[in-house]
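Residues in the sequence shown are numbered consecutively from 0, following numbering that gives the first Met the number 0.
Using N, Cα and C, we set each Cβ at its ideal position, and we do this for glycine too.
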Amino acid sequence: MTAARTISLPTLDDTLRFGRHLGRTASPGDIFTLSGDLGAGKTTLTQAIGQGLEVPPDYYITSPTFSLLHEYPGRIPLYHMDLYRLGSAEEIEELGFEDYIYGNGLTVIEWPDRLEYLMPDNRLDIFISTVSATCRSLLLTAHGKMLSRLPSFLPD
């Protein structure tokens, strides 16, 4: 079962504010997937989520494109995965994918379509569309247990 909502974020500040809100709202074991074209703002949104999770400022959140995974300390740990350059399912299994997605932190996964069949039932999918240089449209789709929490993820 799923439910979806679309939100518009007209400015970069709106996007950052929304990301911080997601980070403050996240609970241990949550999974957010981020999809969209290259340059849509997936890593920027993850940086703001990290701020909401109180990741210390000396931990600069970058895209783990080549390493597949970066971990950051915070109110709860942030596990940031980027599956864009994933060569095989074995690569992600070697990282202990299931240990992270069923762990005690927030797992943010960029390019989840690379391993669609491994995505858990309980997650929040965020598809980012570029409307203009600063404006983004986000389609939030809640799956499973995230359905009841969808309203808490929406901006005020």
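Of all alpha-carbon atoms in Glu97, Thr133, Gly104 and Ala132, the one lying nearest the alpha-carbon of Met118 is that of Glu97.
In the displayed model, Arg113 falls within a helix according to three-state DSSP. Assignment of beta-bridge partners to Phe126 by DSSP yields Ser34 and Leu138. For Ile6, the secondary structure class from DSSP, reduced to helix, strand or coil, is strand. The Cβ atoms of Leu21 and Ala3 lie no closer than 9 Å to each other. Taking 8 Å as the upper bound for CB-CB distance, Ala88 and Leu52 are not in contact here, some 28 Å apart. Asp12 and Ser131 have their C-alpha atoms roughly 14 Å apart. Going by beta carbons, Asn121 and Gly95 fall outside the 9 Å limit.
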